[in-house]
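Written out below as structure tokens is the structure these notes cover.
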Amino acid sequence: MSKVVVRHIEIDLEGLPAGADGLRLLHLSDLHLRKWGRVEREVQHLLTNIEHDLLVITGDFCYRPQMHARAAELTNRLLQPVAPKHGIIAVLGNHDLPCFTAHEVPMRFLRNDNMYVELDSGGALCLAGVEQSHHRRGEAMTALKGTPSNLPRILLTHYPSTAFELPSTSGVLVLAGHTHGGQIRIPGIGCVFNNDRIPVSMSRGLHLVNGNWLHVSAGIGASPPIPTRVFCPPEIGLITLRTRVRREAVKNKMHSAGKLPVGV
12 MSKVVVRHIE
22 IDLEGLPAGA
32 DGLRLLHLSD
42 LHLRKWGRVE
52 REVQHLLTNI
62 EHDLLVITGD
72 FCYRPQMHAR
82 AAELTNRLLQ
92 PVAPKHGIIA
102 VLGNHDLPCF
112 TAHEVPMRFL
122 RNDNMYVELD
132 SGGALCLAGV
142 EQSHHRRGEA
152 MTALKGTPSN
162 LPRILLTHYP
172 STAFELPSTS
182 GVLVLAGHTH
192 GGQIRIPGIG
202 CVFNNDRIPV
212 SMSRGLHLVN
222 GNWLHVSAGI
232 GASPPIPTRV
242 FCPPEIGLIT
252 LRTRVRREAV
262 KNKMHSAGKL
272 PVGV
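With the numbering used here, you'll find the sequence shown wraps up at 275, consecutive numbering, no jumps.
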């Protein structure tokens with residue numbers, strides 16, 4: 012029986028060239044690698060068998076920050092057979108130390124900066140990444156600095172609350188993790204705690220924040236003090252980018268938000 016869920020999402024991305032319609036991203040987050048087991052084997056199988064153009068990872072490679080060498084070893088093992096056309100792009104999370112980027116791992120890290128991916132159909136895709144390692148909080152607008160608004164822009168960040176820093180309807184797709192979807196969910200209630208300044212109803216899935224898309228991955232691993240998942244399976248997001256798709260046709264339940272609620 013499969014333990015890892017693949018969630019299929021379609022998102023209309025502003026500025027995406029017509030020839031790039033159908034570009035497929037895999038969104039992975041919160042690996043918290045400490046051993047090689049059944050879940051890790053299944054994730055590797057899915058990464059190598061799901062057709063995709065780009066793999067993005069939104070932080071927390073390490074189970075504990077001090078275990079960065081072991082996490083790097085397991086990251087290399089996990090990603091060794093994975094070779095998407097446009098590469099693997101990542102940011103660090105609060106369980107990662109900045110020195111994790113010094114390990115030889117098969118990806119490019121974005122650390123409060125941005126890059127461009129040339130598309131086969133012409134044009135380019137802009138990727139920006141916020142540095143949020145070991146409680147160091149970067150800013151969305153720093154990572155996006157200099158990026159033209161007429162290009163499709165994707166912002167990688169660990170904390171979902173970072174999406175609330177963006178100007179209204181700026182046309183940015185934000186990909187985040189950190190919440191683990193609550194990690195322990197109660198049937199009929201769902202998430203009760205997500206460890207970020209967002210409503211618990213936004214702990215996983217696709218949402219609108221000030222008119223911008225935010226996808227929150229429930230991630231793969233689990234973290235202390237209770238390193239287990241209950242009614243919240245590990246997941247990989249398969250995101251298909253569209254030049255135009257009716258937002259009401261997106262099957263994921265959406266939570267539309269404007270500003271961070273007081274006290275969250």
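The beta-carbon is built from N, C-alpha and C at its ideal position, and this holds for glycine as well.
Please say whether Pro171 and Met213 have beta carbons closer to each other than 8 angstroms?
A contact, by the Cβ cut-off of 8 angstroms.
In whole angstroms, what is the alpha-carbon distance linking Met12 and Pro178?
The predicted position of Met12 is uncertain, since its pLDDT is 43 and thus under 50; no value can be drawn from it.
Quick one, which of Val54, Leu90 and Leu136 has its alpha-carbon nearest Ala31's?
Leu136
Which residue marks the beginning of the alpha helix (DSSP H) containing Met293, and which one marks its end?
This structure does not reach residue 293, given that the chain is present from 12 up to 275, and the question cannot be answered.
Return the CA-CA distance between Ala268 and Pro117, expressed in angstroms with no decimal places.
36 angstroms
Note down, in chain order, each residue of its chain lying with its Cβ closer than 6 angstroms to the Cβ of Cys73, except the 5 sequence neighbours on either side.
His79, Ala82, His106 and Asp107
Phe111 in three-state terms, based on DSSP
Of the three classes helix, strand and coil, the one that applies to Phe111 here is helix, per DSSP.
Report buried or exposed for Val273, applying the criterion of at least 16 other Cβ atoms within 10 angstroms of its Cβ.
For Val273, the predicted structure reports a pLDDT of 48, less than 50, and the residue's modelled location is therefore unreliable. A value from the coordinates is still provided. By the 10 Å Cβ count, Val273 comes out exposed.
The alpha helix (DSSP H) that contains Ala80, what's its start and end?
His79 to Leu90
Contacting residues, own chain, Cβ-Cβ under 8 angstroms from Val211 (five flanking each side not counted):
Once the five neighbours on either side are set aside, the close Cβ partners of Val211 are Gly193, Gly201, Cys202, Val203, Phe204 and Asn205.
Own chain partners of Lys270 with C-beta closer than 6 angstroms, once the 5 adjacent residues on each side are dropped
Here Lys270 has no same chain residue with a Cβ atom under 6 angstroms from its own Cβ, once five neighbours each way along the sequence are excluded.
Quick one: Cα of His7 to Cα of Ile100, how far?
Beyond the ends of the chain as shown, which are 12 and 275, falls residue 7; an answer cannot be given.
May I have the straight-line CA-CA distance separating Glu259 from Thr69, to the nearest angstrom?
Low confidence applies to Glu259: its pLDDT is 43, below 50, so where it sits in the model is not reliable enough to give any reading.
Contact between the region 108-115 and the region 124-134 (3+ Cβ pairs under 8 angstroms):
no
Where Leu225 falls: helix, strand or coil (DSSP):
strand
Alpha carbon to alpha carbon, what distance is there between Leu36 and Leu249?
6 angstroms
For Arg18 and Ile247, what's the separation of their Cα atoms in angstroms?
The alpha-carbon atoms of Arg18 and Ile247 are separated by roughly 6 angstroms.
With respect to the beta strand (DSSP E) encompassing Arg35, which residues constitute its N-terminal and C-terminal limits?
Arg35 to Leu39
Beta-carbon proximity of Gly134 to Ser160, cut-off 8 angstroms:
no
If I follow the unbroken alpha helix (DSSP H) through Arg49, where does it start and stop?
Arg49 to Asn60
So, for Glu25: in the same chain, excluding its five sequence neighbours on each side, which residues have a beta-carbon less than 6 angstroms away from its beta-carbon?
Gly182
Quick check on Ala29: does DSSP put it in helix, strand or coil?
If DSSP states are grouped into helix, strand and coil, Ala29 belongs with the helices.
Using a threshold of 8 angstroms, state whether the C-beta atoms of Val102 and His191 are closer than that.
no
Identify the continuous beta strand (DSSP E) that holds Ile195 and give its terminal residues.
Premise fails: Ile195 is in no beta strand (DSSP E) and is neither H nor E.
With a CB to CB cut of under 7 angstroms and the five nearest residues on each side skipped, what residues in its chain are close to Pro198?
Closer than 7 angstroms at the Cβ level, and outside the excluded window around Pro198, lie Phe242.
Rounded to whole angstroms, what's the CA-CA distance from Arg52 to Val227? Just pull it up for me.
Answer to the nearest angstrom: the Cα atoms are 23 angstroms apart.
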